[in-house]
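Residue numbers (the working numbering): 26 to 276. Using N, Cα and C, we set each Cβ at its ideal position, and we do this for glycine too. Quick caveat, the model's predicted, so the values are computed rather than measured.
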C-alpha cells in the first residue's frame, strides 16, 4: 500500500469560527495537525483548503496546501478534489482522511487506521478507529459517536456494523467510541463521493452511514484511547493547556 494523508480544512465552523487558524501556543491548529501527520512518516501529506488564508498558513509552515472549491459539502469531497489535483497519476492507493481539529493526535494512529484494509480476506473498502468508552457520561454524550462492532478475543480488527449518537449496542459488554479518522481504498473513496445522501445519514447526521447503507464495508481497528478534538472554545482552552504542558494529552 502507498498511503497519502489529506487534511480537509475550512473556516466555516459554526461552533468555533476560524477553527483551523486558532492559535495554540503560538502555532495555528492546522499546523499542529500537519506536524503530527508528517511525524507519522507513512506517506506524503497535504492540506485540502477551502480558503486562501488556510493555504497561506500551511505554506508558511513548509507544508503542502491545495485549494479546493469552498462550496464542497464535506471533508470527504474536499480530500477527493485535492487527490485528483495532486495525484492524477494515481500513485497512491490508500487515502487517509485526517480531521484538522486533532492537534495532539498520536501519529501512530495514522498507521493503525490503515490496518483493516490491509487484510485481503476482509475486503474492507474503508477503515476507521474505535476506542473503549470509559464512563457513563461519555456513553450518554450525543457528541460522542458510538460504533457497533464486536472484537473476537484478542483480535483488534472487526467490521463496523453501525454508528450512532445513541448508546449502542444494547446489553452487557464494551461500548466503542468512534474516532473520526478514515483510510479509504482509492476506488472506495471515488465511489463514496458520488453516492447520494442516505436516509440514516440524514437522521443521525453521520456521513459514514451513507457508505454502510450503500453496502460498502467499514473495518474498525481498536486502540487504547480516543484523541481529543477541538470543536468548542472550551476544547480550545483544553488544547492550549495540553500542548502548553499544563495537562496530560489524555485528560
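- Looking at the backbone, the Cα of residue 56 and that of residue 83 are separated by about 6 Å.
- In this structure residue 149 is not in contact with residue 171, their Cβ atoms being roughly 19 Å apart against a cut-off of 8 Å.
- The residues 73, 100, 103 and 104, in chain order, have a CB closer than 6 Å to that of residue 33 in the same chain once the five nearest residues on each side in sequence are set aside.
- Under the three-state reduction of DSSP output, residue 263 falls in the helix class.
- Around the beta-carbon of residue 122, 16 or more other beta-carbon atoms lie within 10 Å, marking it buried.
- Taking a 10 Å sphere around the C-beta of residue 77, we find fewer than 16 other C-beta atoms and assign the residue as exposed.
- Listed as beta-bridge partners of residue 56 by DSSP are no residues whatsoever.
- For residue 154, the secondary structure class from DSSP, reduced to helix, strand or coil, is strand.
- 91 is the residue among 51, 91 and 70 whose C-alpha sits nearest the C-alpha of residue 35.
- The C-beta separation of residue 164 from residue 200 comes to about 5 Å, placing the pair in contact by the 8 Å criterion.
- In terms of Cβ geometry, residue 159 and residue 67 do not form a close pair [threshold 8 Å].
- The beta carbon of residue 50 lies closer than 7 Å to those of 265, 268 and 269 in the same chain, with the five residues before and after it left out.
- The C-alpha of residue 162 lies about 21 Å from the C-alpha of residue 127.
- Residue 41 and residue 257 do touch by the CB rule: their CB atoms are close to 6 Å apart, below 8 Å.
- Around the beta carbon of residue 88, 16 or more other beta carbons sit within 10 angstroms, so the residue counts as buried.
- Cβ neighbours of residue 185 within its own chain (closer than 6 Å, five residues either side excluded): 172, 174, 243 and 245.
- Under DSSP, residue 247 takes part in a beta bridge, and its partners are 155.
- Selection 234, 218, 202 and 212 evaluated against residue 253 yields 202 as nearest (Cα-Cα).
- Note on geometry: alpha-carbon atoms of residue 212 and residue 241 lie some 11 Å from one another.
- Counting the other CB atoms within 10 Å of its CB gives residue 224 a total below 16, which places it among the exposed residues.
- A direct Cα-to-Cα measurement between residue 53 and residue 196 gives close to 43 Å.
- Our two residues, residue 260 and residue 47, have alpha carbons roughly 11 Å apart in a direct line.
- The beta carbon of residue 130 is closer than 6 Å to those of 61 and 252 in its chain, skipping five residues each way along the sequence.
- Assignment of beta strand (DSSP E) within the stretch 43-89, counting only whole runs of 3 or more residues, yields 70-74 in chain order.
- Rounded to whole angstroms, the separation of the alpha carbons of residue 141 and residue 153 is 8 Å.
- In the three-state reduction of the DSSP assignment, residue 97 falls in the coil class.
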